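Asker: So the number in the working numbering is just where the residue sits in the sequence shown, counting from 1, plus 137. Yeah, the Cβ is synthetic: ideal placement off N, Cα and C, and Gly gets one too. A quick note: this is a predicted structure, and the numbers were derived from the prediction, not measured. Can you keep this structure in mind? I'll have questions shortly.
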Amino acid sequence: MFEMFGIEPEMAENGLRIIESYHRCELGRKMEKIGEPDLAAEDYDEALILYRENKAAVKGLKRVIDKIQDPVYRRVLIKTRIN
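Take a look at the structure:
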């Protein structure tokens, strides 16, 4: 479908992945505002999985990392996503 517009399928897929990443980051911000740091961390984590260069997701994850109740999950996020 994208070929008729001169767009490579890989480029289209990467673009959609970036859009979804920023959407998950926005969901993380909303979860953070309503006082759900665990859900916010999951959304920020998913945003980083989709698009590693999402700086807003890294900043958001750094903000909520201390508020996460589960120490194991907190350590995993610090070792795999923050560094």
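Are L198 and Y181 touching if we call contact CB-CB under 8 Å?
Answerer: Contact: yes.
Asker: How about A149 and G165: do their beta carbons lie closer than 8 Å?
Answerer: The answer is no: Cβ separation not under 8 Å.
Asker: Please determine, among I215, E140 and F142, the residue with the shortest C-alpha to C-alpha distance to E179.
Answerer: Looking at the Cα atoms, I215 is the closest of the given residues.
Asker: Would you call I205 buried or exposed, if buried means 16 or more other Cβ atoms sit within 10 Å of its Cβ?
Answerer: Flag for I205 reads buried.
Asker: Which complete alpha helix (DSSP H) runs does the stretch 139-174 hold, if anything under 4 residues is left out?
Answerer: Runs found: 146-170.
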